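Engineer: What follows is a structure written as structure tokens; I'll ask about it next.
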């Protein structure tokens, strides 16, 4: 579907955002859980690693959202 209004584009982006975040959340939770249980790391190191996981998660989600929305608009597979 090629959006023809700003509102339609907003809906496409919002729907895609929700889908991507839901798809990638289990991976984030798994990485955070592994980090929390890593006995080789101090608490400060664990928090640093979790922060990096969160930053990577947001970046990955953002990239996927952009690609998926553009692919939808351009009719790419």
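In the UniProt record's numbering, the protein residues as written are 1 to 77. Every residue gets a Cβ at the ideal spot worked out from N, C-alpha and C, and that includes glycine. From a predicted model like this one, the values you see are computed outputs, not experimental measurements.
1) Give the straight-line distance between the Cα atoms of residue 17 and residue 46, rounded to the nearest whole angstrom.
2) Kindly indicate which three-state DSSP category residue 41 falls into: helix, strand or coil?
3) Could you tell me if the beta carbon of residue 40 falls within a distance shorter than 8 Å of some heavy atom in the ligand GTP?
4) Could you give the distance in angstroms between the alpha-carbon of residue 76 and the alpha-carbon of residue 24?
5) Between the C-alpha atoms of residue 55 and residue 70, what's the straight-line distance to the nearest angstrom?
Structural biologist: In short, the structure shows the following:
1) Within the chain shown, the letter at position 17 stands for residue 17. Within the chain shown, the letter at position 46 stands for residue 46. Approximately 28 Å, taken between the alpha carbons.
2) If you number the chain shown from 1, residue 41 lands on position 41. Here residue 41 sits in coil by DSSP.
3) As far as ligands go, the structure on display features none, and thus does not contain the ligand GTP.
4) Locating residue 76 in the chain shown gives position 76, counting from the first residue. Locating residue 24 in the chain shown gives position 24, counting from the first residue. If you take the alpha carbons of residue 76 and residue 24, they lie about 22 Å apart.
5) In the chain shown, residue 55 corresponds to position 55, counting from 1. In the chain shown, residue 70 corresponds to position 70, counting from 1. The alpha-carbon atoms of residue 55 and residue 70 are separated by roughly 23 Å.
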